[in-house]
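> Once you know that position 74 of the sequence shown is 74 in UniProt numbering, the rest is easy, because the numbers rise by one and skip nothing. Here's a structure for you.
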Amino acid sequence: MITAVDTNVLLDVFGADHTYGARSRKAIGSCLTEGGLVACEVVWAEVASFFPSPDAAQDAMDRMGVEFSPIEVKTALAASTAWKAYRSRGGRRDRVVADFLIGAHALSQADRLLTRDRGFYRAYFSRLRVLDPTRG
């Protein structure tokens, strides 16, 4: 079972978030015991921006057991389709394309997505299996 992980869950753990940190760490551990944990370049870049250096970010991701999983062309095109549907329904630009890339990556290149943003991903990627560390 391959689990794609969203930025918010990783930052819960790396930032020792008082509200979500313990639950996110537990969920990551469970996902690792069930298979691999991957992150696309969008998540990788967002997470890395919170570290003092790229090497520190890479080391943290390695220790966490997260593997880099680049977005394939078909995944990028699926994200563009979802983004276009969102915009055609009147969606504002406050929801950035990055979120659509993360969702499309999880749907196309993993078995599920670990995120606290379940409402968005369920709305635009209805076939995506979403795990929320704050539930269960």
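For every residue, glycine included, the Cβ atom is placed at its ideal position computed from N, Cα and C. Since this is a predicted model, take the numbers as computed values, not measurements.
1. If THR33 and ALA110 are in contact, beta carbons under 8 Å, what's the gap, nearest whole angstrom?
2. Where do the N-terminal and C-terminal ends of the alpha helix (DSSP H) with ALA4 fall, by residue?
3. Enumerate in chain order the residues of its own chain whose CB-to-CB distance from residue 139 is below 7 Å, with the five nearest sequence positions on each side excluded.
4. Which ranges would you report for the alpha helix (DSSP H) in the UniProt domain "PIN" (5-125) if only whole runs of at least 4 residues count?
5. Okay, do the stretch 64-79 and the stretch 99-110 touch, 3+ Cβ pairs below 8 Å being the bar?
6. Once DSSP output is grouped into helix, strand and coil, what is the label at LEU128?
7. For VAL96, does the count of other Cβ atoms within 10 angstroms reach 16, so buried, or fall short, so exposed?
8. May I have the straight-line CA-CA distance separating PHE68 from ALA123, to the nearest angstrom?
Here's the rundown:
1. In fact, because the Cβ distance is near 16 Å, the residues do not count as touching under 8 Å.
2. Segment 2-5 is the beta strand (DSSP E) holding ALA4; no alpha helix (DSSP H) there.
3. Residue 139 is absent from the model: the chain starts at 1 and stops at 136.
4. The alpha helix (DSSP H) runs of length 4 or more contained entirely in the UniProt domain "PIN" (5-125) are, from start to end of the chain, 7-14, 21-34, 41-48, 54-64, 73-88, 97-109 and 118-124.
5. The stretch 64-79 is in contact with the stretch 99-110.
6. In this structure, LEU128 counts as coil in the three-state DSSP scheme.
7. Classification of VAL96: exposed, given that the 10 Å Cβ count is below 16.
8. Rounded to the nearest whole angstrom, the C-alpha separation of PHE68 and ALA123 is 26 Å.
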